[in-house]
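Right, one structure below, let's go through it.
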Amino acid sequence: MRRLSGPSALTRTSRPVETDPVVERLTVFDRAELATDVGPNPRHITVLLVLGGHAPDVAEVRRRLERAVTSQPRLTARVHRPDHPFQVPTWEVGSVDLTRHVVHRTLPGADPVAAAVEDLMRPLPADRPAWRLTVLDLGDDARSALVWTCHHVLGNGPSLLGLLLDALSDTPIGTAALSLGRRPGPAQTGAAHAFTGRDSRAGRAGRSPLLRAVTGGVTAVSVTVDRAAVRAGARTCGATVNDALLWAWARAFGRADLARGGPGERVVVSVPATVPRSRFGNHVGTLRIAVPSNESDDAEALAVLAARTRRAKSRIRPWTWPLAPFGACVAARLGLLPVVLRRQRLLSTVVTHATGPSAPVQVVGAPLLWTVPLVPLVGNVTTCAVAVSLGGRLDVAVVCSPESADLADALAQDLQAGLDEIAALAAGTRTQLPPSAPSWSVAEPRTARPPSMPSTAMSHGAISL
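Going by numbering that gives the first Met the number 0, the sequence shown opens with residue 0, and the numbers climb by one from there.
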């Protein structure tokens with residue numbers, strides 16, 4: 000556990016990369032990302048790639064990033080906000096100097112997760128496209144890192160992950176975006192089969208002391224488990240890895256709520272899902288899932304949750320995807336969005352999950368050991384779980400605002416324990432903690448690492464800027 004669209008003509012990497020002057024209007028999904036950039040934390044996405052070798056040559060990284068600029072002109076674009084309030088902002092594509100966007104830092108002995116959190120919170124320069132890539136030299140021939148940070152308006156997590164892997168991996172591999180695909184087929188249990196439409200409606204989230212107006216700063220704790228083991232265990236209940244992640248995180252949230260003196264009411268999780276067949280960008284919808292908590296058996300609860308998510312996805316229609324971002328834009332135009340976000344009671348917490356290839360990944364000549372995805376918190380949601388399935392691992396970052404920072408380790412421990420329990424279902428060796436014994440009573444955290452993972456865990460505290 001580690002705490003923590005258009006063509007272009009390229010010149011040399013030491014000179015600006017020129018592109019054709021393309022002007023494109025921001026979609027309603029893009030405008031919603033700008034609208035929700037209300038602070039106190041910047042609306043950034045950070046992806047930490049920890050590599051098993053010395054720091055890559057920065058010139059080689061810049062050369063490979065040319066692939067990304069070639070395929071995605073947004074990396075050379077800035078957002079132009081028109082003077083008229085009813086005009087739509089546009090992308091103004093120009094040039095990008097890779098020597099300014101791809102930089103090198105030497106931090107001997109530093110915690111790469113702490114460096115990534117710092118990068119997440121650091122403002123992006125306003126005079127250039129809103130992204131940067133840092134080659135992090137840790138002074139260790141056995142470990143180094145790449146840190147990508149951009150404004151969320153550039154694209155969602157799956158889009159950016161695919162772009163990075165295609166550009167930086169030794170063999171272009173791409174990623175599979177989170178989708179509303181087919182579900183596994185084991186028979187449902189009685190409780191799941193009898194689940195009715197009325198019960199599957201998410202409704203309002205319960206009261207919780209973890210729902211508070213967030214302040215500036217982030218604490219992150221990283222957890223890694225074997226994705227194949229979690230998938231095998233989830234399938235015994237007719238569930239997916241995403242269902243397993245939802246269940247384990249909601250249980251961790253519920254226990255943290257009780258530990259903080261909360262009433263233990265309904266936990267509603269917001270789950271962003273990429274619009275099917277969408278191109279690069281922010282074409283994301285949101286599902287709200289009320290996670291069952293009154294089942295006596297964890298396997299039964301997971302089966303009910305799987306049925307609930309299937310039903311929620313079956314109700315989605317293509318015309319419904321833009322409704323939420325359009326509402327955010329309207330609320331922002333009326334000046335109501337900050338208040339709405341601070342006082343909302345539609346969701347308790349957030350889970351995001353981007354999926355990539357299951358085979359081992361080589362990045363700039365070095366094996367990718369693990370990934371730490373990071374996002375800021377906004378409104379009154381003080382906790383979230385940000386996950387990436389990549390290289391046979393399920394890497395999850397538990398992210399907390401200062402209001403819940405003291406619970407970050409306990410949340411990560413409980414998430415780890417829940418995923419371990421689901422994995423054990425496949426082997427019939429499940430050891431379930433009783434409800435009266437929450438995970439913060441366990442003396443030592445447990446961390447499952449694949450053979451390629453380092454043997455030492457890493458941690459960091461809150462970073463507030």
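In this text, a Cβ means the ideal position worked out from N, Cα and C, and glycines have one as well.
For residue i, which three-state DSSP category applies?
i, result
"Val377", "coil"
"Ala67", "helix"
"Ala499", "Outside the shown range of the chain (0 to 464) lies residue 499, about which nothing can therefore be said."
"Gly417", "helix"
"His100", "helix"
"Thr308", "helix"
"Ala125", "coil"
"His83", "coil"
"His151", "helix"
"Ala442", "No answer about Ala442 holds up, because its pLDDT of 26 lies below 50 and its placement is not dependable."
"Thr319", "helix"
"Asp139", "strand"
"Pro291", "coil"
"Val329", "helix"
"His192", "Model confidence at His192 stands at a pLDDT of 38, short of 50, so the residue's coordinates are unreliable; what they give is reported in the following sentence. Here His192 sits in helix by DSSP."
"Thr348", "strand"
"Leu393", "strand"
"Gly364", "coil"
"Ser400", "coil"
"Gly284", "strand"
"Val78", "strand"
"Val95", "strand"
"Val146", "strand"
"Leu164", "helix"
"Arg314", "coil"
"Ala115", "helix"
"Pro372", "strand"
"Arg73", "helix"
"Val27", "helix"
"Leu132", "strand"
"Val387", "strand"
"Ala407", "helix"
Could you check if residue i is buried or exposed, using at least 16 other CB atoms within 10 Å of its CB as the buried criterion?
i, result
"Gly154", "buried"
"Trp90", "buried"
"Asp242", "buried"
"Thr308", "buried"
"Pro317", "exposed"
"Asp82", "exposed"
"Ala426", "exposed"
"Pro79", "It is His, not Pro, that sits at residue 79 in the sequence shown. His79 comes out exposed."
"Ala125", "exposed"
"Pro107", "exposed"
"Gly196", "Unreliable placement is indicated for Gly196, whose pLDDT of 40 sits below 50; the coordinate value is still reported in the next sentence. Answer is exposed; the Cβ neighbour count stays below 16."
"Gly216", "buried"
"Pro324", "buried"
"Thr319", "exposed"
"Leu335", "exposed"
"Arg332", "exposed"
Closest by CA to residue i, which one among the options?
i, options, result
"Val303", "Cys236, Leu393, Arg259", "Cys236"
"Leu137", "Ser269, Thr98, Ala129, His53", "His53"
"Leu145", "Arg127, Pro128, Asp110", "Asp110"
"Asp405", "Arg310, Leu209, Val266, His103", "Leu209"
"Ser70", "Leu132, Gly161, Pro359", "Gly161"
"Pro359", "Trp246, Arg392, Thr133", "Arg392"
"Ser269", "Gly263, Thr348, Val339", "Thr348"
"Pro122", "Asp394, Gly334, His150", "His150"
"Asp296", "Ser207, Thr382, Glu420", "Glu420"
"Arg206", "Pro157, Val213, Gly261", "Gly261"
"Val101", "Val57, Ala306, Glu299", "Val57"
"Ser143", "Val266, Val362, Gly390", "Val362"
"Ser158", "Asn281, Ala141, Val385", "Asn281"
"Val37", "Ala141, Leu410, Thr214, Trp130", "Thr214"
"Val380", "Val339, Val134, Ile315", "Val339"
"Arg278", "Gly156, Ser94, Pro41", "Gly156"
"Leu135", "Thr105, Ser292, Val395", "Thr105"
"Ser165", "Ser388, Leu424, Thr382, Gly355", "At residue 165 the sequence reads Asp, which differs from the Ser that was named. If we check each option's Cα against that of Asp165, Gly355 comes out closest."
(request) Please go through the stretch 198-270 and give each complete alpha helix (DSSP H) segment of 4 or more residues, from N-terminal end onward. (result) Counting only runs of 4+ residues, the alpha helix (DSSP H) found wholly inside the stretch 198-270 occupies 226-234, 240-258, in chain order.
(request) Assess, as a yes-or-no matter, whether the stretch 216-234 is touched by the stretch 387-403 under the definition of 3 or more beta carbon pairs within less than 8 Å. (result) With the cut-off at 8 Å, the stretch 387-403 and the stretch 216-234 touch.
(request) Inspect the CB distances between the stretch 56-65 and the stretch 23-42 and report whether three or more fall short of 8 Å. (result) A contact between stretches requires three or more CB pairs, one per stretch, nearer than 8 Å, and the stretch 56-65 fails this requirement with the stretch 23-42.
(request) Decide yes or no for the touch test of the stretch 164-173 against the stretch 400-414: beta carbon pairs closer than 8 Å, at least 3 of them. (result) Contact between the stretch 164-173 and the stretch 400-414 is absent: fewer than 3 CB-CB pairs across the two stretches fall below 8 Å.
(request) Could you tell me whether the stretch 328-338 touches the stretch 30-39, using the rule of 3 or more Cβ pairs below 8 Å? (result) Proximity of the stretch 328-338 to the stretch 30-39 meets the contact definition, three or more beta-carbon pairs being nearer than 8 Å.
(message) Within 8 Å, do at least three Cβ pairs link the stretch 248-255 to the stretch 413-421?
(response) With the rule of 3 Cβ pairs closer than 8 Å, the stretch 413-421 counts as touching the stretch 248-255.
(message) Tell me whether the stretch 364-372 and the stretch 277-287 touch, counting them as touching only if at least three CB pairs, one residue from each stretch, are closer than 8 Å.
(response) Touching, no, given that fewer than three Cβ pairs across the two stretches are closer than 8 Å.
(message) Measuring CB atoms only, is the stretch 225-235 touching the stretch 376-384, in the sense that at least three cross pairs come out at less than 8 Å?
(response) With the cut-off at 8 Å, the stretch 225-235 and the stretch 376-384 do not touch.
(message) In chain order, what are the residue ranges of uninterrupted alpha helix (DSSP H) at least 4 long that sit wholly in the stretch 31-62?
(response) The qualifying runs do not exist here; there are none.
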